[in-house]
Amino acid sequence: MNAHWIEAPLAATEGTQPTGSSFFPALEAPTVTSDRGFTLGTRLDTGAGLGRTGVIHTAHGDIATPAFIPVGTKANVKALVPEMVAGLGAQAVLANAYHLYLQPGSDLVDAAGGLGSFMGWRGPTYTDSGGFQVLSLGAGFKKVLSEEFSGNADTTNEALLRQVVKASRAVVDDDGVIFHSHIDGTAHRFNPEVSMGIQHELGSDIMFAFDELTSLLHPRSYQEESLDRTEAWAVRCLREHKRLTEERSHRPYQQLWGVVQGAQYEDLRRRAARTLAQMEVEGQRFDGFGVGGALEKENLGTIVSWVCEELPEDLPRHLLGISEPDDFFRAVEAGADTFDCVNPSRVARNGSIYTPDGRYNITNARFRSDFTPLVEGCGCYTCTHFTRAYVRHLFKAKEILASTLATIHNEWFTVRLVDGIRRSIAEGTYESFRDEMLGRYRAGALAAKRG
């Protein structure tokens, strides 16, 4: 199979940011058709029959879906400048409310004109609520959650759960969460009103309701208690969002998306989705939905389909924290529209390179005198200008440029893969695209394991 999806950009009219392989494309002002809403495109009959293409409308431009949204945790996609992010084809970026609250402060971002102005990005922006980081960083659950999201967690280990909860530095009650900063250990409190205030000051086009993220190690009784709390918090988020929208009418409209929790339980996931879909507070409803929480990796598609079967078809759905090729295809078939994950840039900084044949580590000795691109035929800036030998040299010499070049390639690969899924749905070639792409990727990964 020729991996055409990583060679050349899609038509520039599909997204709001200019696409192309030039290093510094002009960051043109996006075309805005509406500050909210979702236009449904081509339906996909494969799998659960819930997949589709579409367009999300925001105050800073449209997002053609399905789409991968690179993560700029602290108002920066690590190692890249905004023009590079635009050049790899990204239509939007996602930043983190927890991190920006702690440093430099959401009030400073607000004074700068909002997240996009602060970081020099003219397209749409997302912010998460901070709920994940409160648990993973502020509570010390990072290792547990990392194992769950990679599919390696022992979910039957009750002793581990007791140990994790005992060591937790966060206190959850019905009002919110007290946590300790991972930077300096100072205590802070997040609740729905605080999260909404922070995200309104950050000025993102799409923000998420404050929710409690549980671990798969938590028993069902706690999952039920947590879901009750998250649903009560959703009501408070809608009320505060309405108040702040009216108070801050000088700013563009910010969409608020509810977050569906429920762990691995079908009845809880379906209940959460129905509740959020029907929720209305003082005339304010959710503009879209996120599918959150720890997921059993092998059941990802099934869990997402439970949720999307209950959600309204005319609103967009975002799957939080997903970036592996298998997961994209399963989630798109189950009805997810957009995705975000730190993984493409994170593994890039460790020398791990995505290819149509799986991943490899560029620091391996066999690449010392390899003067071919990271991926033959790839259209990214790195592959069209540099060789494996050079990028390996940068890593070995601990040059900062190594992270930049590897990140450009991995983000290009990931963004273009989801662009390819979108195009294949529109062209009616989805199944052949999926089977060829995953067949090659899995075969390459298996060959690499065998050595």
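Here our numbering runs 906 ahead of the position in the sequence shown, where the first position is 1.
Ideal Cβ placement from N, Cα and C applies to all residues, glycine included.
Beta-carbon spacing of residue i, residue j below 8 Å
i, j, result
"A1295", "D1276", "yes"
"G1199", "Q1167", "yes"
"A985", "T1031", "no"
"S1012", "I1089", "no"
"E1118", "R1135", "yes"
"G1029", "Q997", "yes"
"F1273", "I975", "no"
"P1098", "W1139", "yes"
"V1187", "A1242", "no"
"E1107", "D1016", "yes"
"A1183", "Q1129", "no"
Alpha-carbon spacing of residue i relative to residue j, whole angstroms
i, j, result
"V938", "R1126", "44 Å"
"F1234", "I1228", "7 Å"
"A1115", "G1082", "13 Å"
"T1310", "F1085", "33 Å"
"L1300", "G1257", "10 Å"
"L1344", "R1176", "29 Å"
"A1254", "G1189", "45 Å"
"C1214", "P936", "29 Å"
"G1022", "V983", "13 Å"
"W911", "L1122", "35 Å"
"A1178", "M1025", "35 Å"
"E1204", "R1154", "43 Å"
"Y1171", "A1240", "16 Å"
"G1091", "V1100", "19 Å"
"R1340", "N1249", "21 Å"
"E1333", "A909", "16 Å"
"L946", "F1192", "17 Å"
"Y1336", "T1269", "35 Å"
"R1329", "T971", "10 Å"
"L1133", "E1305", "46 Å"
"R1348", "T1151", "47 Å"
"L1051", "W1212", "Residue placement at L1051 is flagged as unreliable, the pLDDT there being 46, under the threshold of 50; a coordinate-derived value is accordingly withheld."
"S1035", "E1317", "23 Å"
"E913", "T1320", "12 Å"
"I969", "R1223", "12 Å"
"C1284", "R1298", "18 Å"
Rounded distance between the beta-carbons of residue j and residue i, thought under 8 Å
i, j, result
"S1251", "T1290", "At roughly 20 Å, the Cβ-Cβ gap does not stay under 8 Å, so S1251 and T1290 are not in contact."
"F1195", "L1217", "6 Å"
"A973", "D941", "Their Cβ separation, rounded to whole angstroms, is 18 Å, which puts A973 and D941 out of contact at 8 Å."
"V999", "G978", "4 Å"
"V1238", "I1327", "6 Å"
"M1102", "E1146", "4 Å"
"G995", "R1322", "6 Å"
"G993", "Y1260", "Not a contact, Cβ separation roughly 17 Å."
Heavy atom of the ligand SAH within 7 Å of residue i beta-carbon
i, result
"D1263", "This structure simply doesn't include the ligand SAH, nor any ligand for that matter."
C-beta neighbour in chain C for residue i, strict 8 Å
i, result
"T964", "Considering every chain present, this structure includes no chain C. It has just one protein chain."
For this session: Determine contact between the stretch 1341 to 1355 and the stretch 1256 to 1269, defined as no fewer than three beta-carbon pairs at a distance below 8 Å.
Result: yes
For this session: Could you tell me which uninterrupted beta strand (DSSP E) segments, each at least 3 residues in length, are contained entirely in the stretch 1079 to 1152, listed from first to last along the chain?
Result: 1083 to 1086, 1093 to 1096 and 1112 to 1114
Problem set entry | Segments assigned alpha helix (DSSP H), at least 4 residues, entirely inside the stretch 1207 to 1270 | 1231 to 1239 and 1249 to 1254
Exercise. Can you list the alpha helix (DSSP H) stretches of 4 or more residues lying completely in the stretch 1268 to 1344, in chain order?
Worked result: With a minimum length of 4 residues, the continuous alpha helix (DSSP H) runs that stay inside the stretch 1268 to 1344 are 1287 to 1291, 1294 to 1302 and 1306 to 1333.
Exercise. Unbroken beta strand (DSSP E) runs of length 3 or more, entirely within the stretch 938 to 984: which are they?
Worked result: 944 to 949, 958 to 964, 967 to 971 and 973 to 976
Exercise. What residue ranges within the stretch 979 to 1043 form continuous alpha helix (DSSP H) runs of no fewer than 4 residues, ordered along the chain?
Worked result: 988 to 993, 1003 to 1008, 1012 to 1017, 1021 to 1025 and 1037 to 1042
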